[in-house]
Structures are given as structure tokens and as C-alpha cells.
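Notes to accompany the following structure.
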Amino acid sequence: MTEPLLRGEKDPQEASFEESLRPRRLSEYIGQEKVTANLAVFIQAALARGESLDHVLLFGPPGLGKTTLAHIVAHELGVPIQVTSGPVLERAGDLAAILTNLQPGSVLFVDEIHRIPAQVAEVLYPALEDFCLDLVVGSGPGARTMRLQLPRFTLVGATTRPGLLPPPLRDRFGIVHRLDFYQPPALAR
Numbered sequence: 001m002t003e004p005l006l007r008g009e010k011d012p013q014e015a016s017f018e019e020s021l022r023p024r025r026l027s028e029y030i031g032q033e034k035v036t037a038n039l040a041v042f043i044q045a046a047l048a049r050g051e052s053l054d055h056v057l058l059f060g061p062p063g064l065g066k067t068t069l070a071h072i073v074a075h076e077l078g079v080p081i082q083v084t085s086g087p088v089l090e091r092a093g094d095l096a097a098i099l100t101n102l103q104p105g106s107v108l109f110v111d112e113i114h115r116i117p118a119q120v121a122e123v124l125y126p127a128l129e130d131f132c133l134d135l136v137v138g139s140g141p142g143a144r145t146m147r148l149q150l151p152r153f154t155l156v157g158a159t160t161r162p163g164l165l166p167p168p169l170r171d172r173f174g175i176v177h178r179l180d181f182y183q184p185p186a187l188a189r
């Protein structure tokens with residue numbers, strides 16, 4: 001019998017240990033003080049209004065905590081998080097399946113959002129702005145458009161290359177933060 005690691009399986013104890021090391025709250029997150037302080041204000045305001053948080057774009061070099069911050073945002077809001085990545089969303093139907101299965105108030109985290117194909121981004125625009133999904137049913141002269149209402153949700157997009165985002169997508173993020181390299185005092189903690 002081979003070891004789980006040799007079979008490509010994740011050790012449940014190791015996964016549990018790794019998860020315990022990740023911060024779950026903004027107050028536990030080390031570094032990026034301006035970003036976390038700003039997010040805290042937005043999150044508290046959304047909770048006080050009883051609304052979903054505005055869409056968030058996090059950008060910066062790899063390894064600075066964009067994914068961790070996305071999970072923290074969901075935890076602070078007390079909502080589930082659905083995780084995917086830009087390269088996985090190859091067709092509009094892939095995104096439609098995710099959007100129609102979101103729970104009200106959920107966080108949808110899209111890592112490498114700059115890699116979403118243009119036709120998939122087109123589907124995302126009305127979802128971000130009006131929380132609806134426009135579907136084309138049928139083809140040819142008999143085709144018709146059907147509009148589905150989506151639950152309100154918060155998109156958290158992460159990218160290392162914000163310049164590659166189509167401007168209409170970039171413009172739909174109400175909260176945009178650049179993560180900077182950590183300074184020695186933060187690294188010492």
C-alpha cells in the first residue's frame with residue numbers, strides 16, 4: 001500500500017493544520033494595514049445596511065494574501081464563499097452554472113480574474129450590475145432572450161495583472177485595493 005502523498009492525496013491532518021494557520025478575521029491578518037482598515041469599514045457598513053458588500057478587486061504580486069483576504073471577507077460577512085479561477089471559466093455556461101447556484105449574500109471569489117475570456121466577461125457584466133443573467137434560448141430566427149434574477153452576491157476578484165482586465169469589468173468593482181510587498185516589521189511578526 002502506498003502513502004497518501006505518493007498517490008497525490010492530501011493528508012487530512014495536514015490540511016486541517018494548514019487551515020488552522022490561516023487568519024479568519026481582519027484583526028488576525030498581518031500586514032496590508034491600509035487595505036484591511038478600508039475593508040473593515042466597507043464590511044461594517046454593508047452589515048449595518050443589511051446589504052451585500054460592493055464588488056472587490058484585489059491586485060498585486062503573487063503570495064501577498066489576496067486569496068486569504070477573500071476568505072476573510074466572506075467570514076467577516078458571515079456568508080459562504082464559492083471559489084473558482086479565471087482559466088476554469090472557459091464558457092459562459094460555466095459561469096452561469098456558478099451564478100445560478102449562489103446563495104443570497106454569498107462571496108464569489110475568482111482568482112486570476114484577468115484570465116476570464118471576453119465572452120464570459122460579457123455574461124458577468126449584468127450579473128455584477130443588476131444581479132441578473134441574460135440567457136439566449138434557441139438559435140436562429142426563433143431565438144429569444146430570457147432574463148434570470150440572481151441573488152445579490154459579492155464578487156471578489158484577484159489578479160496579478162489588473163491592466164489585462166477589460167475596462168467594463170474593472171469599472172464594476174466598487175472597492176479596489178493594491179496589495180504591496182510586506183515590510184520587515186510585518187515579516188518579523
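In full-length UniProt numbering, the protein residues as written are 1 to 189.
Glycine included, C-beta positions come from ideal geometry on N, C-alpha and C.
Contacts around residue i, its chain only, beta-carbon distance under 7 Å, and the 5 residues preceding and following it disregarded
i   : result
H75 : R24 and R25
T67 : D111 and A158
A37 : none
Contacts around residue i, its chain only, beta-carbon distance under 6 Å, and the 5 residues preceding and following it disregarded
i    : result
I177 : Ile is not the amino acid found at residue 177; the sequence shown has His there. Closer than 6 Å at Cβ, skipping near neighbours: V35 and L58.
8 Å CB neighbourhood of residue i in its chain, flanking five on each side removed
i   : result
E51 : R152
R22 : T68 and H71
Rounded straight-line distance, which links the Cα of residue j to that of residue i
i    : j    : result
L150 : G142 : 25 Å
D180 : R161 : 14 Å
D54  : I43  : 9 Å
S16  : L47  : 29 Å
E19  : L148 : 36 Å
V137 : G93  : 12 Å
L155 : T84  : 11 Å
L95  : V120 : 7 Å
R91  : P184 : 43 Å
G60  : R49  : 30 Å
Cβ pair residue i, residue j closer than 8 Å
i    : j    : result
L77  : V107 : yes
F131 : G157 : no
L165 : I113 : yes
Helix, strand or coil at residue i according to DSSP, with G and I counted as helix
i    : result
I43  : helix
V73  : helix
D111 : strand
V35  : helix
I81  : strand
D134 : strand
G60  : coil
R49  : helix
Cβ-Cβ separation, residue j to residue i (assumed contact under 8 Å), whole Å
i    : j    : result
T100 : L133 : 7 Å
V79  : G105 : 5 Å
Q82  : L102 : 6 Å
I116 : G163 : Not a contact, Cβ separation roughly 14 Å.
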